[in-house]
Amino acid sequence: MLDLKFVRDNADRITRMLQDRRLDMDLTPLLDLDQKRRRVLKEVEELKYLRNTASEEISRLKREKTDASDRIEEMRQVSQRIKALDQDLSAVDQEFSDFLLLIPNMPHESVPVGSDENDNRLVKKWGTPPTFDFDPKPHWEIGESLGILDFERAAKMTGARFALYWGMGAALERALITFMLDVHTSRHGYTEVLPPFMVNSTSLVGTGQLPKFKEDLFKLEGRDYYLVPTAEVPVTNIHAGEILDEEQLPRLYTAFTPCFRSEAGSYGKDTRGLIRQHQFNKVELVKLSRPETSYQELESLLSNAETILQELGLHYRVVVLCTGDMGFSASKTYDIEVWLPGQNTYREISSCSNFEDFQARRANIRFRRKGQSKTELVHTLNGSGLAVGRTLVAILENYQQPDGTVVVPPVLRPYLSNTEKIAKV
RNA sequence: GGAGAGAUGGCCGAGUCGGCUGAAGGCGCUCGCCUGCUAAGCGAGUGUAGGGUCAAAAGCUCUACCGAGGGUUCGAAUCCCUCUCUCUCCGCCA
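Residue numbers (numbering that gives the first Met the number 0): 0 to 424.
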């Protein structure tokens, strides 16, 4: 959510931002609502002042055993008027905040203006793609022939876009989760948390998934509980409504959770393999920082995520998303795209964003500087560190051998009883 | 699932038959004084949000907030209803 005062004074900048994000949205209803809101607020507050002073007078008259029925009758009228105005006000308020919650964040000045992923800007490449003297296969073929990935049975027990992992496949997924958490906690200073895998709607409004992207979520019937689409939601909301001390910043959290996404609107896309599932595992990195350091924190968050790929020896590139491709809540986003030789393409494996104070305002996460009385909003950041399923995909495709086996990257072997190679059992 | 108890400011805790209680008292914290140092003592201050005023900030001022929402009333932390959460006991259960 944007700052109300900023919206009032910068309607033109917001209009330009909406164009940059390729959104069709008219701001005038919001500004009209704001004026109306303040008009009604002023009137109702004046009446409440009148009522409060009269109340004291009535109280005094009663103590003096004087008749106060005239004043009481008068206030009866005033109170009715207040009640009516209060109802108007809360209706306007509701409409107003509903609108405000639909306005996306302002992109950082360093973000390139563009329409879609073709306008994203390449930041860097790391490593080199492996070479093969045979045709590298896509991971679903590798996984199925090794007997470690089973899409057919997952479809039987649940449906499309689910996977059943067997044996070394399941173990590899688990090894990756543990490896990632170990690196982030022991080397990057993050505190590990294990949050609930369901959250309420308030939390989802806090991070920006609601109210606009309801159709992307799985909701429990008859309850205000949603399956988490990412650990970003519960973890960012850890400090919702709190005022932190300056010394407590930055806070660094890492969490493993499964993620559940309805993938509405992506019918027919990535139907094969693990790339686009309704349920996938992810290790997430979340930071709460002071405003003046948040862009440094974004850079280090990105490099924390990169470390995992480097340790695994996987070639990747980093792009900065353009205005048209960036998420609703983000000010700036880097995507890390890993090389997948089986599909001859780069695929997103991590997305690292600075949300500045956009989520903090929605979730009401503040801090107080030492010796200051004013509170300020923190900046929130998060990034995948990494998407586990896609990492497993990358390992299968990059480490496949001519004989159909897959070599285990050395850093993972301690987590897999020193297994060096995955072969068909 | 059944029965009961509770939710007040950073924390503890008081609020009588509804009426100067944004909220006593204590602790903590901040500033000042005092004091070889520390401790103690003395004095003052110490919530959040929104509106108005102001070029802006400061200041001044108003409104709201005693778990959340609604109701009764001229007036609600105090009375009534609904919900949420916490705790205790019983039942069930990984």
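For each residue, glycine too, the CB sits at the ideal point set by N, CA and C.
If you're wondering where the values come from, they're calculated on a predicted model, not measured in any experiment.
Relative to the C-alpha of Ala159, which residue among Met167, Asp149, Trp165 and Gly168 is closest? Taking the first sequence and counting its residues from 1, one reaches residue 159 at position 160. Closest by alpha carbon: Asp149.
Touch check for the segment 130-143 and the segment 382-397: three-plus C-beta pairs under 8 Å? yes
Beta-carbon separation (whole angstroms), Ile364 vs Leu376, contact threshold 8 Å: Start at 1 with the first residue of the first sequence, and residue 364 comes out as number 365. Start at 1 with the first residue of the first sequence, and residue 376 comes out as number 377. That pair is a contact at about 7 Å.
Any chance the segment 284-300 sits against the segment 246-255, with 3 or more Cβ pairs inside 8 Å? yes
Limits of the unbroken alpha helix (DSSP H) element including Arg260: Position 261 of the first sequence holds residue 260. Arg260 -> no alpha helix (DSSP H), and no H or E assigned at all.
Nonlocal neighbours in the same chain, by C-beta distance under 8 Å from Thr184, ignoring five residues either side: Along the first sequence, one-based indexing puts residue 184 at 185. Cβ within range, chain order: Thr190, Glu191 and Thr253.
Looking at the secondary structure, which residues open and close the beta strand (DSSP E) in which His277 lies? The count along the first sequence starts at 1 and reaches residue 277 at position 278. Careful: His277 lies outside any beta strand (DSSP E) and carries neither H nor E.
Work out the CA separation of Glu94 and Gly341 for me, nearest whole Å. On the first sequence, position 342 is the one that residue 341 refers to. On the first sequence, position 95 is the one that residue 94 refers to. The straight-line gap from Cα to Cα measures roughly 50 Å.
In the DSSP assignment, what are the bridge partners of Arg365? If you number the first sequence from 1, residue 365 lands on position 366. DSSP lists Ile242 and Leu376 as partners of Arg365.
With DSSP run on the structure shown, which of helix, strand or coil describes Gly388? Stepping through the first sequence from its first residue, residue 388 is reached at position 389. If DSSP states are grouped into helix, strand and coil, Gly388 belongs with the helices.
Any 3 or more C-beta pairs closer than 8 Å across the segment 310-328 and the segment 102-113: yes
How about Pro408 and Gly312: are their beta carbons less than 8 Å apart? Here residue 408 refers to the residue found at position 409 when the first sequence is read from its first residue. Here residue 312 refers to the residue found at position 313 when the first sequence is read from its first residue. Result yes, Cβ atoms of Pro408 and Gly312 sit closer than 8 Å.
Sorted by chain position, which residues of the same chain lie with C-beta nearer than 8 Å to Ile425's C-beta, five sequence neighbours on each side aside? Residue numbering for the chain in the displayed model covers 0 to 424; residue 425 lies beyond these limits and cannot be assessed.
Would Tyr48 be called buried (16 or more neighbouring beta carbons within 10 Å of its own) or exposed? Translated into the one-based positions of the first sequence, residue 48 becomes position 49. Burial call: exposed.
Using 8 Å for Cβ pairs, my map puts Tyr333 next to Leu301. What's the rounded Cβ distance? The residue you call residue 333 lines up with position 334 of the first sequence. The residue you call residue 301 lines up with position 302 of the first sequence. Indeed they touch by this definition, with Cβ atoms about 5 Å apart.
Thr332 - DSSP class collapsed to helix/strand/coil: Against the first sequence, residue 332 aligns to sequence position 333. The answer is strand: DSSP assigns Thr332 an E or B state.
What three-state label does DSSP hand Glu283 in the structure shown? The residue you call residue 283 lines up with position 284 of the first sequence. The answer is strand: DSSP assigns Glu283 an E or B state.
Span of the beta strand (DSSP E) around Arg316: Against the first sequence, residue 316 aligns to sequence position 317. Counting along the chain, the beta strand (DSSP E) containing Arg316 begins and ends at Tyr315 to Val319.
Roughly how many whole angstroms lie between the Cα atoms of Glu283 and Asp85? The residue you call residue 283 lines up with position 284 of the first sequence. The residue you call residue 85 lines up with position 86 of the first sequence. Straight-line Cα distance between these residues: approximately 43 Å.
Using the C-alpha atoms, what's the distance from Thr14 back to Leu40? Here residue 40 refers to the residue found at position 41 when the first sequence is read from its first residue. Here residue 14 refers to the residue found at position 15 when the first sequence is read from its first residue. Taking the straight line joining both Cα atoms gives about 27 Å.
Using 8 Å as the threshold, is the C-beta distance between Val424 and Thr306 below it? The residue labelled residue 424 in the question sits at position 425 within the first sequence. The residue labelled residue 306 in the question sits at position 307 within the first sequence. Not closer than 8 Å, so no.
Closest Cα partner of Arg412 within the set Arg75, Glu310 and Ala67: For this step, residue 412 is matched to residue 413 along the first sequence. Of the listed residues, the one whose Cα sits closest to Arg412 is Glu310.
In terms of residue numbering, what span does the alpha helix (DSSP H) encompassing Ile348 cover? Reading the first sequence from its first residue, position 349 is the one you call residue 348. No alpha helix (DSSP H) contains Ile348, which is instead part of the beta strand (DSSP E) from Thr344 to Asn353.
Would you report the Cα separation of Arg38 and Lys82, rounded to the nearest angstrom? In the first sequence, the residue the question calls residue 38 occupies position 39. In the first sequence, the residue the question calls residue 82 occupies position 83. The alpha-carbon atoms of Arg38 and Lys82 are separated by roughly 16 Å.
Under the rule that 16 or more other beta-carbon atoms within 10 Å means buried, what is Ser293, buried or exposed? As a position in the first sequence, residue 293 is number 294, starting the count at 1. Buried, since its Cβ has 16 or more Cβ neighbours within 10 Å.
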